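Everything below concerns the one structure shown next.
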Amino acid sequence: MSSSNILLVTGRPGIGKTTLVSRVFEELCKHGIHTVGFKTEEIRQSYSGRSSRLGFDIVLFDSSLKYPRASLARLVNQSNQHQPRVGQYFVDISSFESLAIPCLQSIVNSLGNVSSNGNLLKNNLIVCIIDEIVDKLVTLITNLSPCNTSNIKHPTVILLATVPS
Numbered sequence: 014m015s016s017s018n019i020l021l022v023t024g025r026p027g028i029g030k031t032t033l034v035s036r037v038f039e040e041l042c043k044h045g046i047h048t049v050g051f052k053t054e055e056i057r058q059s060y061s062g063r064s065s066r067l068g069f070d071i072v073l074f075d076s077s078l079k080y081p082r083a084s085l086a087r088l089v090n091q092s093n094q095h096q097p098r099v100g101q102y103f104v105d106i107s108s109f110e111s112l113a114i115p116c117l118q119s120i121v122n123s124l125g126n127v128s129s130n131g132n133l134l135k136n137n138l139i140v141c142i143i144d145e146i147v148d149k150l151v152t153l154i155t156n157l158s159p160c161n162t163s164n165i166k167h168p169t170v171i172l173l174a175t176v177p178s
């Protein structure tokens, strides 16, 4: 993957990074472009007209539009205070890995299909969308090695990622 195959979207929280990559995903699917990845989605709870953030879920970009999800992070409380943390949230690593690892592995599998049948994917293109996975979280996740970026450095892979600023 060369630097010309990487597009990073940065900005303040709430500016629309996730909305942008979600719409890009929908448009790519409409045009038959093989697209995989995931986004983070804020989980909020309302009390008497006020809303507070409870945490985040990981939601797969899924061409069937079913959007599977799993818990990514929740506010630290008594029951989870000894689990890995990022800021005020505990990170549910096994839940994250249960969705993210197969998703990223599908890129490697698709690349095998491209090399054996160049016409299998439209335009021989795979777009990987990763929304707001921060460095501190990545250091907690130990099972990403099968999906290491060295496995997906391929001229047909385009990475679209959001990065908080």
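Count along the sequence shown from 1, add 13, and you get the number used in this note's numbering.
Here a beta-carbon is modelled for each residue, glycine too, at the ideal position from N, C-alpha and C.
Values in this document were obtained by computation on a predicted structure and should not be read as measured data.
{"Query": "Hey, residue 177 and residue 145: beta-carbon distance below 7 Å or not?", "Result": "yes"}
{"Query": "Could you tell me how far apart the beta carbons of residue 140 and residue 41 are, in whole angstroms, since I believe they sit closer than 8 Å?", "Result": "6 Å"}
{"Query": "Work out the CA separation of residue 26 and residue 89 for me, nearest whole Å.", "Result": "21 Å"}
{"Query": "Figure out for me which residue from 98, 79, 57, 119 has the closest Cα to the Cα of residue 70.", "Result": "57"}
{"Query": "Taking Cβ to Cβ, would you say residue 143 is nearer than 7 Å to residue 50?", "Result": "yes"}
{"Query": "Report the CB separation of residue 46 from residue 138 in whole angstroms; it is logged as a contact under 8 Å.", "Result": "6 Å"}
{"Query": "Does residue 138 come out as helix, strand or coil in the three-state DSSP assignment?", "Result": "coil"}
{"Query": "What residue ranges within the stretch 14 to 72 form continuous beta strand (DSSP E) runs of no fewer than 3 residues, ordered along the chain?", "Result": "19 to 24, 47 to 60"}
{"Query": "Three-state secondary structure (DSSP) at residue 103?", "Result": "strand"}
{"Query": "Whole angstroms are fine: how far does the CA of residue 122 sit from the CA of residue 65?", "Result": "40 Å"}
{"Query": "Would you mind sorting residue 62 into buried or exposed? The rule is 16 or more other CB atoms within 10 Å of its CB.", "Result": "exposed"}
{"Query": "Spatial neighbours of residue 23 within its chain, please: C-beta separation below 6 Å, excluding the five flanking residues on both sides.", "Result": "176, 178"}
{"Query": "In three-state terms, what does DSSP make of residue 81?", "Result": "coil"}
{"Query": "Using beta-carbon positions only, say whether residue 59 and residue 83 come within less than 7 Å of one another.", "Result": "no"}
{"Query": "Measuring alpha carbon to alpha carbon, tell me which residue in 54, 76, 44 is nearest residue 67.", "Result": "54"}
{"Query": "Where do the ends of the beta strand (DSSP E) carrying residue 177 lie?", "Result": "170 to 177"}
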